[in-house]
Amino acid sequence: MSVGIDEISFYTSNYFLDLKTLAEVQGTDPDKYYTGIGQEKMGMAAPDEDVVTMAANAALPLIESAGTEGVSTLMFATETGIDQSKAAGIYVHRLLGLNDNCRVVELKQACYSATAALQMACALVARKPDSKVLVIASDIARYDLDTPGEATQGCGAVAMMVTASPRLVSIDPEVGNYAEDVMDFWRPNYRSTALVDGKYSTKIYLKALKKAWDHFRYVSPLTFSDFSHFCYHLPFSRMAQKAHQQLVRHNKAGLSAEQQNAQIDKTLVYNRTIGNSYTASMYIGLTSLLDNTAEDLSGKRIGFFSYGSGCVGEFFSGTVVPGYRDALHAARHHEMLTARQEISHDEYLELYRHQVPTDGGEHRFAEGTTGRFRLAGISHHKREYVPR
Ligand code: CAA
20 MSVGIDEISF
30 YTSNYFLDLK
40 TLAEVQGTDP
50 DKYYTGIGQE
60 KMGMAAPDED
70 VVTMAANAAL
80 PLIESAGTEG
90 VSTLMFATET
100 GIDQSKAAGI
110 YVHRLLGLND
120 NCRVVELKQA
130 CYSATAALQM
140 ACALVARKPD
150 SKVLVIASDI
160 ARYDLDTPGE
170 ATQGCGAVAM
180 MVTASPRLVS
190 IDPEVGNYAE
200 DVMDFWRPNY
210 RSTALVDGKY
220 STKIYLKALK
230 KAWDHFRYVS
240 PLTFSDFSHF
250 CYHLPFSRMA
260 QKAHQQLVRH
270 NKAGLSAEQQ
280 NAQIDKTLVY
290 NRTIGNSYTA
300 SMYIGLTSLL
310 DNTAEDLSGK
320 RIGFFSYGSG
330 CVGEFFSGTV
340 VPGYRDALHA
350 ARHHEMLTAR
360 QEISHDEYLE
370 LYRHQVPTDG
380 GEHRFAEGTT
390 GRFRLAGISH
400 HKREYVPR
């Protein structure tokens, strides 16, 4: 019996800052961003948007197409938690009208936790094949202003329905893991922006890739040449190019630059204009590959490298299911990205500086999001989510 991703949909904010604008204000060459880190735009969340509204907006198309029946578990992966205690998924459970017998939990390990959620979802479905698990990853990537990380900010959420006999990608059981206690990127509870040792983080990412791949080769009969495409965690798209170059070299695969690019370039299309969405980024990369590849990917094997700072790396594999195109939401994704509104640098700073009030008073937020769910306000420390 195959188990895997039956449907996938993502959401990002309707506002973006072009990195040319950021470069102009900073007096930096825009090519440093467009080419050097491979990013063109970054999504900025509206004041009435957070990981909950983005998650519900990402998952709504799945619920509209397949309903709520059989959804036994909702797993919510994020590193932008809004509460130390209550799982963000509980709000999403209500907004989507999931049944009261549905298990809900939040998972954390930096950008990796969506992969833990996916693997656990596959295990649950394998045990009870008539059940479905909704996996959602949602994050807002924030760094301090005027730091090298600033240009790699972004926001987004992705929702995946995990089922038996999936329509999109069946996931193989063999995985290669790597874990090490390192301080490359972290966000203490008292901070709203991440701390990062940028260059070190890229080195650790590459080390984790090599280690996870070597472990994968040990547990799986698959070799590099069995894969047609690779999806990497995408803090910025140039990172995937570096990672893939390393994997090609490590396997002495002898591919030309053009052949290497062809294995990853369609996974980068959405990320270039959304920015880092932490837990969601690799799965938005998968969506990008499926939505934007002209050739039929049916039967093709995809390699996935998921990375979460701190750090955990995992390499795993999946196969695209024949007929997958019928289950995609490509047109909706393209319309959403085309309809986004460009903002000025001043508007960016205003959105950047917006913080949810912490005084316990009554606060209403102006309408900014064009999504179906919004954060209307906060009252007595309780967030109030409404459909719009
Ligand atoms: N034209 C073209 N390219 C240019 C250029 C120009 N005018 N100016 C510079 N570049 C190139 C540089 O040559 C460099 O290329 P290479 O990497 O191929 O050498 C590239 O642009 C980046 O420039 P810098 O080396 O000067 O680096 P930077 O100061 O921009 O910082 C960074 C890069 C450290 C990654 C920074 O963006 C950062 O701190 N990002 C946040 C941390 C991060 O994303 N880490 C990734 C691994 S950790 C992870 O994956 C978890 C996560 O999600 C955060």
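The sequence shown runs 20 to 407 under this note's numbering.
Each residue gets a CB set at the ideal place from its N, CA and C atoms; glycine is no exception.
Cβ pair residue i, residue j closer than 8 Å
i, j, result
"L36", "Y297", "no"
"L115", "T72", "no"
"D203", "S220", "yes"
"L305", "T292", "no"
"Y9", "Q360", "This structure leaves residue 9 out entirely; the chain is present only between 20 and 407."
"L187", "A85", "no"
"H252", "M180", "no"
"F249", "I321", "yes"
"G89", "D149", "yes"
"G55", "Q260", "no"
"V123", "I109", "yes"
"A129", "E98", "yes"
"N290", "S256", "yes"
"S247", "K319", "yes"
"T388", "S32", "yes"
"Q279", "V267", "yes"
Proximal residues to residue i (C-beta, below 6 Å), its chain only, five neighbours per side dropped
i, result
"F235", "G195, F334"
"G294", "M61, G62, Q172, G173"
"A176", "Y30, M73, A74, A77, S157, A299"
"A178", "S28, A77, A78, L81, I155"
"V22", "C141, V144, A145, A183"
"E458", "The structure shown has nothing for residue 458, since the chain only spans 20 to 407."
"K39", "P49"
"F324", "L228, Y251, F334"
"V272", "At residue 272 the sequence reads Ala, which differs from the Val that was named. The residues are F243."
Outcome for residue i when other beta-carbon atoms lying within 10 angstroms are tallied against a minimum of 16
i, result
"K401", "exposed"
"Y237", "exposed"
"P167", "exposed"
"V111", "buried"
"K151", "buried"
"G329", "buried"
"D378", "exposed"
"T338", "buried"
"D48", "exposed"
"V70", "buried"
"S275", "exposed"
"S336", "buried"
"Y209", "exposed"
"M355", "buried"
"S104", "exposed"
"E125", "buried"
"H263", "buried"
"M20", "exposed"
"V340", "buried"
"H352", "buried"
"P254", "buried"
"D284", "buried"
Residues near residue i in its chain [Cβ-Cβ closer than 8 Å; skip 5 each side]
i, result
"Y162", "G168, E169, T171, Q172, T212, A213, V215"
"H269", "K229, W232"
"Q265", "L225, L228, K229"
"S91", "N120, C121, R122, L143, K147, S150, K151, V152"
"D165", "Q45"
Cut-off 7 Å between Cβ atoms - residues of its own chain near residue i, not counting five sequence neighbours on either side
i, result
"V44", "H364"
"A349", "D310"
"F384", "P66, D67, L394, A395, G396"
"A227", "Y197, Y326, C330, G332"
"E199", "C330"
"A135", "L126, Q128"
"A133", "A96, V154, A156, T298, A299, Y302"
Contact test: residue i Cβ vs ligand 1 heavy atom, cutoff 7 Å
i, result
"I362", "no"
"M179", "no"
Proximity test, Cβ basis, 8 Å: residue i and chain C
i, result
"L79", "In the structure shown, chain C does not exist; there is a single protein chain."
Please enumerate, following chain order, all residues with a beta carbon closer than 5 Å to at least one heavy atom belonging to ligand 1. Selection output, chain order preserved: D48, D50, K51, T54, G55, C130, P167, G168, T171, F204, V215, G217, S220, T221, Y224, P254, S328.
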